[in-house]
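Notes follow once the structure below has been shown.
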Amino acid sequence: MRKGLDLELVGLTKRYGDTVAVHAIHHHFKPGVYACLLGPSGCGKSSTLRMIAGHETVSDGSILLGGADISHLPPAKRGTAMMFQSYALFPHLSVADNVAFSLKMKGVDAAARRTRAMDMLALVDMTKYAERLPAQLSGGQQQRVALARALITEPQILLLDEPLSALDPFLRVRMRGELKRLQRELGITFLHVTHGQDEALALADEIVVMNNAVIEQAGAARDVFNAPRTEFVARFMGGHNVIALPQGHFALRNDLTRLAPEPGARLGGRVTSVEFQGTHVAVTVIATGDQDITAFVPEHQFYADPKSPGDGVGLVWDDEALHPLSA
Amino acid sequence: MRAGNMSRHLTGWLLASPLSLVLILFLVLPIAMIVVVSFWKATEFSIIPAFSMENYDFLFGSPVTYRVFGTTIKYALIVWVFTLGIGFAVAYFLAFHVRSQTWQIALFLLCTIPFWTSNIIRMISWIPFLGRNGLANSALISMGVTEEPLDWLLYSDFSVILAFVHLYTLFMVVPIFNTMMRIDKSLIEAAYDAGATGFQTLTNVIIPLCKPGIMIGTIFVITLVMGDFVTVRFMSGSQSANVGRLIQNDIALLQYPSASATAVVLLVTVLMVIGILLRFVDIRKEL
Chain H
8 MRKGLDLELV
18 GLTKRYGDTV
28 AVHAIHHHFK
38 PGVYACLLGP
48 SGCGKSSTLR
58 MIAGHETVSD
68 GSILLGGADI
78 SHLPPAKRGT
88 AMMFQSYALF
98 PHLSVADNVA
108 FSLKMKGVDA
118 AARRTRAMDM
128 LALVDMTKYA
138 ERLPAQLSGG
148 QQQRVALARA
158 LITEPQILLL
168 DEPLSALDPF
178 LRVRMRGELK
188 RLQRELGITF
198 LHVTHGQDEA
208 LALADEIVVM
218 NNAVIEQAGA
228 ARDVFNAPRT
238 EFVARFMGGH
248 NVIALPQGHF
258 ALRNDLTRLA
268 PEPGARLGGR
278 VTSVEFQGTH
288 VAVTVIATGD
298 QDITAFVPEH
308 QFYADPKSPG
318 DGVGLVWDDE
328 ALHPLSA
Chain C
23 MRAGNMSRHL
33 TGWLLASPLS
43 LVLILFLVLP
53 IAMIVVVSFW
63 KATEFSIIPA
73 FSMENYDFLF
83 GSPVTYRVFG
93 TTIKYALIVW
103 VFTLGIGFAV
113 AYFLAFHVRS
123 QTWQIALFLL
133 CTIPFWTSNI
143 IRMISWIPFL
153 GRNGLANSAL
163 ISMGVTEEPL
173 DWLLYSDFSV
183 ILAFVHLYTL
193 FMVVPIFNTM
203 MRIDKSLIEA
213 AYDAGATGFQ
223 TLTNVIIPLC
233 KPGIMIGTIF
243 VITLVMGDFV
253 TVRFMSGSQS
263 ANVGRLIQND
273 IALLQYPSAS
283 ATAVVLLVTV
293 LMVIGILLRF
303 VDIRKEL
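Heads up: the sequence lines are chains H and C, in that order.
Using the numbering used here, read the first sequence as starting at 8 and increasing by one per residue.
Using the numbering used here, read the second sequence as starting at 23 and increasing by one per residue.
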């Protein structure tokens with residue numbers, strides 16, 4: 008296992024004319040983590056990634072890798088490698104030549120780069136497709152080739168720009184398992200940009216949630232999910248209700264929200280919709296103060312005492328399940 | 023079911039028929055006619071339907087034919103080199119350096135402005151420019167580059183090639199620009215990410231991906247130059263001849279069979295050249 012280097016963003020800023028895409032963000036990525044930059048489109052996550060990769064100039068601030076400022080180096084000199092959203096495989100080159108491309112650019116001789124390329128293809132289990140052209144591969148296979156091509160430069164950090172978005176849902180789940188396995192085997196930092204919170208939760212050791220050009224919250228996947236700090240994070244991560252109580256706004260997980268008889272409940276309301284979702288039933292209640300609150304009721308519990316739209320219900324929860332939100 | 027199949031069959035034929043008809047009437051028939059006439063005999067005052075190899079025997083027996091075909095191919099090659107160089111550079115600039123689409127379209131239209139006037143006018147406008155007392159010579163003399171006016175500027179291979187390059191470069195720009203616009207910009211980034219220099223990206227990524235466009239432009243330029251006679255006539259002051267001029271002379275003398283034979287040989291030559299070119303690059307994915 009190779010030891011990775013720390014990646015540090017210091018006051019990193021990206022401006023396009025008057026619009027600020029990334030606003031002075033600070034973050035420290037520990038070596039060898041799988042980190043996800045998560046956020047809605049236009050939140051600045053892709054600009055951040057592209058600045059780290061060197062495909063976007065840094066307007067202000069700096070990027071430090073292992074203590075060295077790499078903000079103004081060309082991509083190939085940074086120790087990073089990027090995997091592009093559409094894979095960007097060279098359509099006129101065979102799989103092996105695609106993987107060996109960066110070695111060819113460095114002037115490595117044909118036999119040596121072929122050997123290295125085959126090693127990389129073995130790593131992603133694509134050896135038998137070495138002579139094919141990218142157009143003759145499926146989406147998942149193309150992605151493996153793109154991965155091998157990025158990894159052949161032995162980067163300290165692999166940058167992945169929405170790598171799974173071009174795949175169908177079934178493949179997406181399989182490929183994300185594979186990404187995780189590779190990251191663990193190589194021991195280098197993976198920085199993965201996505202707008203899918205399920206993807207981020209499944210993959211990431213560390214999640215960085217971005218919104219409106221700033222980092223809203225960063226931390227271990229479990230901490231971010233269990234204790235969202237802002238209303239945006241609570242809503243974006245999903246699985247939470249945002250409840251306005253006299254003491255302020257709180258996040259409350261859907262599965263910790265329970266239905267109860269109306270008298271004595273913390274909030275009263277009327278059921279507006281009931282959705283069966285397999286393991287649980289999502290019951291949406293319009294509660295006091297006109298707020299929509301969804302409770303995930305375990306399936307067997309719900310059918311022991313079924314509710315239908317229009318029924319009056321009460322909502323209860325434990326105090327420690329409430330997380331105060333700052334905005 | 024059978025009736026349905028029959029009518030589908032019929033619709034297919036009907037849909038294909040207008041184009042086939044046009045092609046048969048205006049392409050296949052005239053060419054067949056030329057091939058037939060090329061075997062006829064002719065005297066100074068009459069044309070005799072026959073099947074004779076006379077015209078071909080004369081054509082292949084005459085050293086003039088080889089010289090003229092040599093000149094034609096020389097023109098085609100030199101013009102190809104220059105149109106390719108200039109055309110690629112222009113297309114590259116338009117596709118990769120001009121960022122805004124509005125500017126791309128504006129500059130592209132600018133390239134087509136010469137085509138708003140006729141071929142002949144564009145060509146003739148070179149004559150006062152290049153002549154013995156023309157603009158080019160007087161400018162060169164006043165700058166002290168030469169003492170005497172340069173004679174090779176006009177009515178020479180130089181002027182013929184200059185006019186060809188001027189007339190036909192756009193035929194190279196358009197298909198190359200078209201293929202360049204289809205290159206995914208992230209490929210350029212991927213090359214940069216892999217440490218390629220600008221020149222390496224050009225030779226390893228852009229040129230290989232532009233091959234179909236280069237090939238289509240090449241076919242345009244080569245067929246146009248090999249079939250031309252007007253440009254050679256005007257710009258060489260009738261001092262140089264290509265195959266087109268040979269045919270034109272025969273026609274002027276009403277020697278249609280001989281003209282036809284020359285035309286057939288030229289057609290076969292051009293088709294062979296295109297056949298060889300197509301062996302190198304598959305342009306089908308472009309069409």
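Don't be surprised by glycine CBs; every beta carbon is placed ideally from N, CA and C.
Would you check if the region 164-175 of chain H and the region 188-197 of chain H touch, i.e. whether three or more CB-CB distances between them fall below 8 Å? yes
Report buried or exposed for F80 (chain C), applying the criterion of at least 16 other Cβ atoms within 10 angstroms of its Cβ. exposed
What's the call for V103 (chain C), buried or exposed, on a 16-neighbour Cβ count within 10 Å? exposed
So M58 (chain H) contacts chain C; which residues on that side make the cut at Cβ distance below 8 Å? For M58 (chain H), no chain C residue has a C-beta closer than 8 Å to its own C-beta; the minimum C-beta separation is roughly 13 Å.
Distance, A213 (chain C) Cα to F91 (chain H) Cα: 11 Å
Got a sec: is the Cβ-Cβ distance from A212 (chain C) to anything in chain H below 8 Å? yes
So which of H:K135, H:V216, H:P253 and H:S101 has the shortest CA-CA distance to A241 (chain H)? H:V216
Strictly below 9 Å CB to CB, what residues from chain C border T235 (chain H)? The sequence given here has Pro at residue 235 (chain H), not Thr. The premise fails here: P235 (chain H) is roughly 34 Å from chain C at the closest Cβ pair, so nothing lies under 9 Å.
Taking Cβ-Cβ distances below 8 Å as the criterion, which residues of the region 213-226 of chain C are in contact with chain H? Answer in chain order: A213, Y214, D215, A216, G217, A218, T219, Q222 and N226.
Report the partner residues of F36 (chain H) according to the DSSP bridge assignment. H:L14
Would S160 (chain C) pass as an interface residue toward chain H - the criterion being a Cβ-Cβ separation below 8 Å? no
By DSSP, does R9 (chain H) sit in helix, in strand, or in coil? Confidence at R9 (chain H) is low in this model, with a pLDDT of 46, below 50, so its placement is unreliable and the value that follows should be read with caution. Residue state, collapsed to three classes: coil.
Whether or not the region 41-58 of chain H and the region 15-30 of chain H are in contact is what I'm after, with contact meaning three or more pairs of Cβ atoms, one per stretch, closer than 8 Å; do they touch? yes
Can you tell me which of the three DSSP states C43 (chain H) falls into? strand
Taking Cβ positions only, does P82 (chain H) come closer than 8 Å to chain C? yes
Classify Y88 (chain C): buried if its beta carbon has 16 or more other beta carbons within 10 angstroms, exposed otherwise. exposed
Would you list the residues sitting across from L116 (chain C) in a DSSP beta bridge? L116 (chain C) pairs with nothing; no bridge assigned.
Quick one: what's E282 (chain H) bridged to in DSSP? H:A289
Using a beta-carbon distance below 8 Å, is A95 (chain H) in contact with chain C? It does; some Cβ of chain C falls within 8 Å.
Classify K91 (chain H) as helix, strand or coil using the three-state DSSP reduction. Contrary to the premise, residue 91 (chain H) reads as Phe rather than Lys in this sequence. Here F91 (chain H) sits in coil by DSSP.
In the DSSP assignment, what are the bridge partners of F197 (chain H)? H:Y41 and H:L165
From what residue to what residue does the alpha helix (DSSP H) around L162 (chain C) run? L157 to S164
Going straight from the alpha carbon of I108 (chain C) to that of T191 (chain C), what length do you get? 7 Å
Answer with yes or no whether the minimum CB distance from M401 (chain H) to chain C is below 8 Å. With chain H covering 8 to 334 only, the question about residue 401 (chain H) has no answer from this structure.
Taking 8 Å as the CB-CB cut-off, is D116 (chain H) touching chain C? Residue contact with chain C for D116 (chain H): absent (no Cβ-Cβ distance below 8 Å to any residue of chain C).
Tell me D76 (chain H)'s beta-bridge partners as DSSP assigns them. Beta-bridge pairing links D76 (chain H) to H:L71.
Taking Cβ-Cβ distances shorter than 8 Å, what residues in chain H pair up with D206 (chain C)? In chain order: S93 and A95.
Within its chain, find whatever has a CB closer than 6 Å to the CB of L12 (chain H); leave out the 5 residues flanking it on each side and keep chain order. P38, L72, G73 and Q163
Using a Cβ-Cβ distance under 8 Å, would P197 (chain C) count as near chain H? no
Give the DSSP bridge partners of V323 (chain H), in chain order. Beta-bridge partners of V323 (chain H) (DSSP): H:R265.
Do the region 116-130 of chain C and the region 260-273 of chain C meet, that is, are 3 or more Cβ pairs less than 8 Å apart? Touching, no, given that fewer than three Cβ pairs across the two stretches are closer than 8 Å.
With distances taken from CA atoms, which of C:I241, C:A161, C:A285 and C:T65 is nearest L300 (chain C)? Shortest Cα-Cα distance from L300 (chain C) to any of C:I241, C:A161, C:A285 and C:T65 involves C:I241.
In three-state DSSP terms, what is N248 (chain H)? strand
For D297 (chain H) and E269 (chain H), the rounded distance between their alpha carbons: Each residue's alpha carbon lies about 16 Å from the other.
Can you list, in chain order, the residues of its chain with a C-beta nearer than 8 Å to that of G285 (chain H)? Leave out the 5 residues immediately preceding and following it. E306
Bridge partners - D318 (chain H), DSSP secondary structure assignment: Bridge partners of D318 (chain H): none, in fact.
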